[in-house]
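Mind the numbering: the sequence shown is residues 37 to 381 in the working numbering, read in order. Yeah, the Cβ is synthetic: ideal placement off N, Cα and C, and Gly gets one too. Please read all numbers here as calculations on a predicted model, not as lab measurements. What follows is a set of notes on a single structure, which appears directly below.
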Amino acid sequence: MEMPGSAPGVWKQRWQYCPMRTRRLCELTLAVLAAHALVWQLAVDGPPAPAPARAGARRIALVSAAPPTQAAAASSDAAIGAGQAAPAARMRTAPAARAPKGEGGALRRGPRDARAWPVYPTLAPPSITLRYALMQTGAATAAGAADLEWRRDASGFSLGLVARLAGRPLREWQSTGSFDAAGVAPSRLVEREKGRDVRAVTFDRDGGVARLSSAPGRPVVAPGAQDRWSWIAQLAAIVEAAARRGERPAHWDLQVAGLRGQLERWTFRVLPLGDPPPELLQQGNELSARPDRAPALLHVLRATEQPYDLRIEAWLSPSLHHLPAGLRMSTPPGPWSLSLWQRNP
């Protein structure tokens, strides 16, 4: 049964007599409703699935071009303890950031991943005591003396440095530890200064993984990681082993832990040969006594990366098993500097 007024003919008559403006408005309304319905359907069902790949179509894959890391061949503890050069260790490391232009070409701080650090052959120096003339600048210039005492045996090592100004102790550092496949392995560095609290850096080497236990989070340190003074013995051991093999690399990288727990990459670059600094020639040592027969010093530089970073110049002497005959440390652009010049006892 049809309802009154619902016959198709009636609606057709009414549509024909509608004004043209009303008819256009109705058509536009219907078009908008249809578009909304289509958008709603896509939102509910999602986009149509892609058509299956045709037979014979080629696939293109993106492949990382990062080089694999090759594990290092480590030198033996027995070789280090016996004073023999460890065999050469070869390691591929992650590429370091490009060095900025400037003195020494400082490298930015490297990755903290221990596998990204090189392991060098080492030949630790024998026990020795060195006397230095000390010069410090800053608020005022002061002169004094310093003693560096390096002791090693089958059980480990100790490196002590005592600085004095006007006969009074200025500061004292004591680094102790052992030897491992990467060379000098510090366990603890203690710094004592009059009127200040004792500060220390401690390494935990139990369980086969070395950690900086004095830093928050106990981060893992790299093989061959050093404290702020044991690097002197480690660098001497690396250079001595390289010299015995007739090698002279352009630079060496060391990871160094600071007293605040920070881990930094220290890159020591070999500088061109030149005359020894005049301060060193004034100390009555072998360089000033017989300059014509004095051994050629190896001049290395750890350039600064950031303002007030520690800048280090060292003149390594072959006759001292490449321990420093001269050492100059500063924090540019600050005025502070500390210089040590080896002298005869």
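In this structure, leucine 201 lies away from glycine 174, with their beta-carbon atoms at least 8 Å apart.
By the C-beta criterion, the stretch 356–369 is judged to be in contact with the stretch 150–164, since at least 3 inter-stretch pairs fall below 8 Å. DSSP, reduced to helix, strand and coil, places arginine 280 within a helical segment of the structure shown. For serine 194, the closest alpha carbon among the candidates Arg60, Arg284, Trp265 is that of Trp265.
With a contact defined as Cβ atoms closer than 8 Å, phenylalanine 304 and valine 336 qualify at about 5 Å. Classified as buried, threonine 340 has 16 or more neighbouring CB atoms from the shown chains inside 10 Å of its CB.
With fewer than 16 other Cβ atoms from the protein chains shown falling within 10 Å of its own Cβ, alanine 178 counts as exposed. Collapsing the DSSP output to three states places glycine 243 in a helix. Non-local C-beta neighbours of leucine 346 in its own chain, meaning closer than 7 Å and more than five positions away in sequence, comprise Met365, Thr367, ordered along the chain. Aspartate 189 is bridged by DSSP to Gly192.
Residue range 204–216 is occupied by the beta strand (DSSP E) that includes proline 205. Threonine 212 has its alpha-carbon roughly 10 Å from the corresponding atom of arginine 188. Within the DSSP bridge table, the entry for leucine 359 names no partner.
Between tryptophan 186 and glycine 260 a beta carbon distance of about 18 Å is seen, past the 8 Å cut, so the two are scored as non-contacting.
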